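Heads up, the thing below is written out as structure tokens.
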Amino acid sequence: MTDTRIGFIGLGIMGRPMAGNLLRAGYSLCVYDIRPEAVASLVGEGARGAMCAREVAEQSEVVITLLPDTPDVELAVFGQDGVSQGARPGMLYIDMSTIAPSAARRIHDRLAAQGVEALDAPVSGGELGAREATLSIMVGGKASAFERALPILRTLGRRIVHVGGPGAGQLAKACNQIVVAVTLQAVAEALTLARKAGVDPQKVREALLGGFASSRVLEVHGLRMIERHFEPGFRIRLHRKDLRIALETACELSVPLLATSLVANELDALLARGLAELDHSGLALLVEELAGMGHAGPEEMGPQPS
Ligand code: NAD
Numbered sequence: 000m001t002d003t004r005i006g007f008i009g010l011g012i013m014g015r016p017m018a019g020n021l022l023r024a025g026y027s028l029c030v031y032d033i034r035p036e037a038v039a040s041l042v043g044e045g046a047r048g049a050m051c052a053r054e055v056a057e058q059s060e061v062v063i064t065l066l067p068d069t070p071d072v073e074l075a076v077f078g079q080d081g082v083s084q085g086a087r088p089g090m091l092y093i094d095m096s097t098i099a100p101s102a103a104r105r106i107h108d109r110l111a112a113q114g115v116e117a118l119d120a121p122v123s124g125g126e127l128g129a130r131e132a133t134l135s136i137m138v139g140g141k142a143s144a145f146e147r148a149l150p151i152l153r154t155l156g157r158r159i160v161h162v163g164g165p166g167a168g169q170l171a172k173a174c175n176q177i178v179v180a181v182t183l184q185a186v187a188e189a190l191t192l193a194r195k196a197g198v199d200p201q202k203v204r205e206a207l208l209g210g211f212a213s214s215r216v217l218e219v220h221g222l223r224m225i226e227r228h229f230e231p232g233f234r235i236r237l238h239r240k241d242l243r244i245a246l247e248t249a250c251e252l253s254v255p256l257l258a259t260s261l262v263a264n265e266l267d268a269l270l271a272r273g274l275a276e277l278d279h280s281g282l283a284l285l286v287e288e289l290a291g292m293g294h295a296g297p298e299e300m301g302p303q304p305s
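For the sequence shown, position 13 matches number 12 in numbering that gives the first Met the number 0, and the numbering has no gaps at all.
The structure is reproduced here in structure tokens:
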């Protein structure tokens with residue numbers, strides 16, 4: 000099925016390596032990003048570059064988007080020169096961005112009226128998972144569309160779960176981001192306590208990785224906190240966006256998310272300090288500041304381009 004012509008829109012931290020994996024698997028790929036340099040780098044690997052999302056859709060049987068937020072996806076699909084203007088009946092659209100479940104359902108219904116099947120298929124596993132094609136992919140949409148997408152999704156990830164109907168993939172991703180956020184907070188608190196007590200946080204992490212406190216967040220983000228490695232990764236502004244989605248969805252259903260609200264407020268404090276582009280493991284900087292162990296400020300961003 001690698002003769003399927005795929006279009007890929009959004010070549011950032013996640014999209015670029017995922018598009019590269021599709022190329023290496025032998026798919027014919029047409030790519031677009033508002034940053035021409037991102038398009039050029041994939042063209043250098045054998046993709047065809049497009050000038051807009053409409054052109055991608057015109058040339059593709061399956062179109063994938065991997066964009067920051069709900070308005071970006073709606074613009075790329077329904078805006079001027081968007082996917083819907085180039086789509087033909089029978090095309091499959093897969094949105095792998097993290098957006099609101101309600102928006103995913105709206106997009107599904109609008110495209111269905113055009114004869115286009117749509118899936119929401121957000122991912123977890125970070126840049127490393129994108130590069131190594133080990134992502135977890137949570138899919139919402141019709142079973143027929145899921146079956147059609149499966150060979151492509153298997154090129155990008157390892158655990159691929161059809162969660163339910165339209166929007167169910169995004170709902171699962173909101174759940175994922177709640178767990179990651181609250182675990183990040185716990186790891187930041189634990190390692191800060193160790194540091195202030197004068198106990199080696201590296202040894203604490205090593206010990207905890209063998210018991211019930213073990214997690215991917217302790218392993219990957221715990222190491223980042225210890226090594227002071229806050230280059231993204233997953234940007235603070237994007238995790239704040241994901242918690243907004245989780246909190247709004249929970250509010251619609253009258254589900255209090257107490258711990259999630261706390262972390263969302265902390266991410267706001269980091270945004271207010273100008274740290275939007277830091278990796279979300281930078282949450283530790285705020286926990287440390289509250290413990291009187293330093294100041295979370297722009298110097299954490301490293302040297303900025305002049
Ligand atoms: P990013 O900011 O690195 O990349 C987004 C890309 O989209 C950029 O290259 C940008 O130029 C492009 N873009 C924006 N608007 C566009 C438009 N209208 N048309 C074409 N291109 C456009 O973000 P990312 O980290 O790759 O994240 C993308 C999505 O994946 C987000 O929804 C994020 O929440 C989710 N996600 C990220 C990670 C991670 O670890 N980075 C992990 C899982 C999920």
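The beta-carbon is built from N, C-alpha and C at its ideal position, and this holds for glycine as well. In this text the structure is predicted, and so the values were computed from the model without any measurement.
- In this structure lysine 195 is exposed. Its beta-carbon is surrounded by fewer than 16 other beta-carbon atoms within 10 angstroms.
- Valine 62 is bridged by DSSP to Gly6 and Tyr92.
- Within the chosen limit of 7 angstroms, ligand 1 does not reach the beta carbon of leucine 270 with any heavy atom.
- The alpha-carbon of alanine 271 is positioned some 17 angstroms away from that of glycine 301.
- Counting along the chain, serine 27 sits inside the beta strand (DSSP E) bounded by residues 27-31.
- Per DSSP, the unbroken alpha helix (DSSP H) holding serine 143 starts and ends at 142-155.
- Taking non-hydrogen atoms of ligand 1 into account, the C-beta of serine 123 is found less than 7 angstroms away from one of them.
- Relative to ligand 1, threonine 133 has its C-beta separated by 7 angstroms or more from all heavy atoms.
- In the structure shown, valine 115 falls within a coil segment according to DSSP collapsed to helix, strand and coil.
- The beta-carbon distance between serine 96 and proline 67, rounded to whole angstroms, is 7 angstroms. This is short enough to meet the 8 angstroms contact definition.
- Residue pairing by DSSP puts serine 123 in a beta bridge opposite Ser135.
- Here DSSP, grouped into helix, strand and coil, assigns glycine 48 to strand.
- Separation of phenylalanine 233 and aspartate 108 (C-alpha to C-alpha, rounded to the nearest whole angstrom) is 30 angstroms.
- Per the DSSP secondary-structure output, aspartate 278 pairs in a beta bridge with Arg234.
- In the displayed model, valine 286 falls within a helix according to three-state DSSP.
- Following the DSSP letters along the chain, one finds glutamine 201 inside the alpha helix (DSSP H) bounded by residues 200-207.
- Under DSSP, isoleucine 159 shares a beta bridge with Ile136.
- When Ala37, Ser59 and Arg105 are compared, the shortest CA-CA separation from glutamine 84 is found for Ser59.
- One thing to note: phenylalanine 7 has its Cβ no nearer than 8 angstroms to the Cβ of isoleucine 98.
- Annotated three-state conformation of arginine 239 is helix, per DSSP.
- Short note on aspartate 71: C-beta closer than 7 angstroms to some heavy atom of ligand 1.
- Excluding five sequence positions before and after threonine 133, the CB atoms of its chain that fall closer than 8 angstroms to its own CB belong to Gly124, Leu127, Gly156 and Arg157, given in chain order.
- Remark: C-beta atoms of glycine 221 and leucine 256 do not approach each other more closely than 8 angstroms.
- In chain order, Pro100 place their CB closer than 6 angstroms to the CB of leucine 170, counting only its own chain and leaving out the 5 sequence neighbours on each side.
- Under the three-pair Cβ rule at 8 angstroms, the segment 19-37 counts as touching the segment 47-58.
- When the beta-carbon positions are compared, alanine 180 and leucine 242 come within less than 8 angstroms of each other.
- Non-local C-beta neighbours of proline 88 in its own chain, meaning closer than 8 angstroms and more than five positions away in sequence, comprise Gln113, Gly114 and Val115, ordered along the chain.
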